[in-house]
């Protein structure tokens, strides 16, 4: 996966998940240092409807498989933080 | 919430999510230092069927609301780690 491309693609995600991957509110998960495969599986689930969330479903809609791998690799690469 | 009670209740969770809240496999999320409310919302979703997962659905089944708050407080209290 391409972490740099993931970082670019994740610019929009930062508005809720934080620039450093720490959620901006108590109900928004921290993504920094999370497991790469787990993150990718959740984005796939949101995109393909296996997991539903009002904010995430539209966010994941247009993502390609490559986008998903890059975004997951980007957040997994960040130091774990809360 | 009672972190100590949460720790006791979460002993079984440790077999997959790790004693220190770091998932034992790439598809198992780290819970250490995650947002408390987010964690509680996910346990509620797994218990009440809004979110489905083969491993988590049976795990969340018997939890009371108090168990859920305590477990969420316990994992949120751990230092973020990967």
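Chains as they are written, first to last, in our numbering: chain C, 0 to 81; chain U, 0 to 81. For each residue, glycine too, the CB sits at the ideal point set by N, CA and C. These numbers were taken from a predicted model, which means no experiment stands behind them.
- Considering only beta carbons, the part of the segment 29 to 55 of chain C lying closer than 7 Å to chain U consists of 29, 32, 33, 34, 35, 36, 37, 40 and 50, in chain order.
- Among the residues of chain U, those whose CB is under 7 Å from the CB of residue 27 of chain C are 34 and 37, following chain order.
- Residue-level contact by beta carbon holds for residue 79 of chain U and chain C, with a gap shorter than 8 Å.
- In the three-state DSSP reduction, residue 15 of chain U falls in the helix class (H, G or I).
- 22 and 25: these are the residues of the segment 13 to 25 of chain U whose beta carbon lies less than 7 Å from some beta carbon of chain C, given in chain order.
- Secondary structure at residue 59 of chain C: helix, using DSSP grouped into helix, strand and coil.
- Nearest to residue 16 of chain U by alpha-carbon distance, out of U:2, U:32 and U:49, is U:32.
- Closest option to residue 61 of chain U, judged by alpha-carbon separation, among U:23, U:11, U:79 and U:26: U:11.
- For the options U:45, U:30 and U:21, the alpha carbon positioned closest to that of residue 74 of chain U is the one of U:30.
- With fewer than 16 other beta carbons inside 10 angstroms of its own, residue 23 of chain U counts as exposed.
- Using a 10 angstroms sphere on the CB of residue 35 of chain U, the tally of other CB atoms reaches 16 or more, which defines it as buried.
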